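First residue of the sequence shown: 46, per our numbering; consecutive thereafter. The block underneath contains the structure these notes are about, expressed in structure tokens.
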Amino acid sequence: MPKTITLPVPGQIRRHVLKNLAPKTKGEQDLLDASREGAAELEAKGMNSLNTIDLHLTNDAVGSAIDIARVWLSSDNGNNVMAAKSMLKFELEYEPDDPREIRHEIKMPKSLAVHFAPAYGQQPWDKGMSQVIQTDMSRMRWTTTGGQGRVRAETLGALLEQIAPWGDSHPRPAAARASKKFAAEYTEPYEATMRLINGHADIGHEDQAADAAPWKPDLPKGVSIRLTSDRPETYGVFCSRHEGAEILISEHEDMGYAVAGANAHGSEHPEITVIPEKGLEVLKGFAFSEAQISLLSVVSERGSHDLIEDPNGFYVSDGWGRGKPVNRTRVLDLWARGWLMYSPRDGRRYFRLTPSGTAHFKQWQAARDQGLIDYAAKDSLNSAKEQREAYPRLVAEAPVQATDDETPDFMEAVHGRGEAAVEAEQKRLVVVACGEKKSGKPGKIRADERYIGNYFTACLMASEVMDGATMVLSAKYGLIPLSEEIENYDVTLGSKGSIRLAAVKRQVEEMGLTDARVTVLGGARYVKAARQIWTGVEAPLTGGIGQQLKQLAGIYQGEALTPDDAPEDDLPERFYQTKLQEVGYLPTRHKPKPRQLWFGGKAGRFNPEPGEWVRAEVTYTGEGRYTIYRLGTSEELLSCTLRSLIHWGPLNEQTSEPTQSPDESREAEAAPAPVEPAAKPAVGPRFYEVPENWLELAEEGNTKAAQRYWTRRCEEWRLTGK
């Protein structure tokens, strides 16, 4: 009879197994049999089937239950998440058949955790590493005091490879001490697991000859591991992405350390195209000028615009209409030498690189990135006049306007080009919310270059595949085209110094966009503002920033970007510092639905100000304790009780607020905008001075809170004259 382990399995998992599990493995069948026995025992005792009960599980059954729990960690069902966490407490009880799946419980103090915890706006430490490492690091729990979690040997090896050298080299004494302690504590269990892995994979040193084929785990492109020729018992990490030559990066006596070293090198090493020596000589013969390369970039696979010829000449389309003119001789030289080809469409010619031109251009760019070649002082590839004259002239058979061109004509008016009249048909417009993360470059630069965050970039990528022109709704400059040059700024929509809604309406009227069909890509505050300007506004984005990035990726059919910034309205409109019990609508044992809110960290005497605001949810974990998780993830932010002080704010206006005194309530109803100084006209006994921006404020302040506020202000003005 196989050995069994007695574990308390949550009722949620047992019910799932009994109702939904169709056994495909021995472990799943053992788990189903044990769940049936537990259900029969509860029924005999007259107890609820969801009560937790001890089950006698085989090792394979424990593994199957843990597999279910790992999947449930990302579930939208709060009960499933709680059951998964309860089951994963016994993760270390499981003895997997594959030693690579053995987990190690690790902890690291804050001095080390800051180097590995995901940080706002920074590249994750595990970027470019294997899927195993990325999965393990995503399940680590990071708090203000450090990090802890369970990782596999591959991840532990990568961490040891990074941390161990810090014991002698880290500039901070606390981190150096922590590094030595971490290496001393986890090196031995790691090496023990690696011996099991080597034995399991049949690559033990005693059975492996020096000329044996190298073991090839999941490694970055261009990086390999094999035994070194001069030291037969040493694994060497080699990289072939160094100007075409393969070099030895590092040597290790342990295969696990070698894999970790290879992944670390791959994450730090940029992708380099290997260029043969003969190919480099060919590329040097091209000697392109910067202007020629700029033109080839437009027509390359990654080009975001088009090189077009119409009866008026060659130009680069900027997405709005006819753009910057291009030198005719420069285009014809590249065409005559076989770099460019064109396809006629709608009375125009659209240019692209030829297949050979594409291959050579990619290599030329790679060689320049590696510093092997540089721009020429003037154009090369000059062709003879006879060759250029062989280019067939474009004859205009019809008006230049393309029949299937969906670029709205009214955008030409925005840029001061073409006809000023706007056609009567309804225009389409995509409005992208400005981003919080901006380029610090001084002076004025284009709007699409000023905003550099991943959220804005994803919105821009999505807008490119949508119908209509794209414009930015800036908190400072209002509705502007992507090409408009703006300075850096630090205001948010609706805050002091931001543009007024009435001013944006005037911009819309001046551009002739009042009746446009509008789609907004941005946060709730931008959608609300747009719906006060246009009717029938479409807003396809919902949920938190992570969900919105996935929705945007679905629009542009690509990989979702990581959240390194946020929409400028991705902050709570109001926030408080109270005990958790004053939040309201908290989950209980009988009503376990998680409570969603904005979470700004733990409050109190030592934390008077909120930290980074994140969307979060509060779940009840039993015995009067609550856990706050990052919304939509299993990342634990805080474990607390009802008496714990926190910084919080209402999310999506679904929450109750703490009881306030009448005076506090008046303070909460802040003015919609600062009042500008009043003019000094002569007034009669029945008339009163009003602020100069009164009309704008009145137009925007059509809310109950604003009405009460201005009623009090006007009464004050009447009684006191202030």
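Cβ coordinates follow ideal geometry from the N, Cα and C atoms, glycine included. Quick caveat: nothing in here was measured; it's all calculated off a predicted structure.
Give me, in chain order, the residues of the same chain whose beta-carbon lies closer than 7 angstroms to that of residue i; leave out the 5 immediate sequence neighbours on both sides.
i: N124; result: Q57, P637
i: G589; result: R660, L676, G677
i: V553; result: L524, T559, I578
i: G108; result: G72, Y139, P141
i: G539; result: R570
i: K483; result: R495, Y496, I497, N533
Need the endpoints of the beta strand (DSSP E) that residue i sits in, please.
i: S508; result: Counting along the chain, S508 falls outside any beta strand (DSSP E), though it belongs to the alpha helix (DSSP H) covering 499-509.
i: V517; result: 514-519
i: Q193; result: 191-196
i: V563; result: 562-566
i: H101; result: 98-103
i: K647; result: 640-647
i: P53; result: 49-54
i: S214; result: Premise fails: S214 lies in the alpha helix (DSSP H), 211-214, not in any beta strand (DSSP E).
i: T756; result: It is not in any beta strand (DSSP E) - T756 instead sits in the alpha helix (DSSP H) that spans 749-765.
i: W187; result: 186-188
i: I525; result: 523-526
Going by alpha carbons, who is nearest to residue i out of the options?
i: A422; options: A162, A336, A492, E554; result: A336
i: T374; options: F359, G416, G212; result: F359
i: R495; options: N533, V517, P526; result: N533
i: S689; options: A750, K624, R394; result: K624
i: E326; options: I418, E236, T51; result: I418
i: D378; options: L340, D355, R390; result: L340
i: R382; options: Q193, Y395, S401; result: S401
i: P234; options: P632, A219, G202; result: G202
i: R184; options: L696, E681, R758; result: E681
i: P389; options: E434, V344, L439; result: L439
i: G694; options: P653, V628, G669, G324; result: V628
i: E529; options: I490, A89, C284, G513; result: I490
i: H692; options: A209, K521, R619; result: R619
i: S163; options: E150, F644, T279, R186; result: Looking at the sequence provided, one finds Pro at residue 163 rather than Ser. The candidate whose alpha carbon is nearest that of P163 is R186.
i: L52; options: N357, D181, I270, T97; result: T97
i: A492; options: S519, Y500, N499, R473; result: S519
i: T686; options: L696, Y671, V549; result: Y671
i: M822; options: L118, L293, I292; result: Because the chain in this structure spans residues 46 to 767, residue 822 falls outside the shown range and cannot be described.
Residue i bridges to which residues according to DSSP?
i: H297; result: Y280
i: K482; result: Looking at the DSSP assignment, K482 forms no beta bridge with any residue, so it has no partner.
i: E354; result: F359, R394
i: A421; result: S334
i: E555; result: The partner list for E555 (beta bridge, DSSP) is empty, contrary to what the question assumes.
i: Q622; result: H692
i: R271; result: G281
i: P389; result: R394
i: R473; result: R562
i: Y496; result: K483
i: P370; result: Y360
i: E583; result: T564
i: E772; result: Because the chain spans 46 through 767 in this model, residue 772 falls outside it and cannot be assessed.
i: I292; result: C284
For residue i, which residues of its own chain have a beta-carbon under 8 angstroms away from its beta-carbon, when the five flanking residues on both sides are left out?
i: L566; result: V475, V476, V477, A478, C504, A507, S508, P585, L586, L597
i: G785; result: With the chain covering 46 to 767 only, the question about residue 785 has no answer from this structure.
For the alpha helix (DSSP H) containing residue i, name the first residue and the last one.
i: V177; result: 176-183
i: V572; result: 569-576
i: S401; result: 400-414
i: W384; result: Where W384 is concerned, there is no enclosing alpha helix (DSSP H), given that its DSSP letter is neither H nor E.
i: R81; result: 71-90
i: A598; result: 590-601
Sorted by chain position, which residues of the same chain lie with C-beta nearer than 6 angstroms to residue i's C-beta, five sequence neighbours on each side aside?
i: Q752; result: none
i: K261; result: At K261, the pLDDT of 48 sits below 50, so the modelled position is not reliable; the number obtained from the coordinates is stated separately. Once the five neighbours on either side are set aside, K261 has no close Cβ partner at all.
i: E662; result: P639, Q641, Y674, L676
i: K155; result: T190, G191
i: Y75; result: Contrary to the premise, residue 75 reads as Asp rather than Tyr in this sequence. For D75, where only same-chain residues beyond five positions count, the Cβ hits under 6 angstroms are T103, D105, A106.
i: M511; result: V475
i: L264; result: A307
i: L63; result: S80
i: G249; result: A caution first: G249 carries a pLDDT of 45, below 50, which makes its placement in the model too unreliable to give a value.
i: W409; result: L328
Within the 9 angstroms Cβ cut-off, does residue i reach chain C?
i: L87; result: Looking for chain C here will not work: only one protein chain is present.
Segments assigned alpha helix (DSSP H), at least 4 residues, entirely inside the region 130-168: 155-158
Sequence ranges, beta strand (DSSP E) only - wholly within the region 650-698, length at least 3: 659-667, 670-675, 681-686, 690-694
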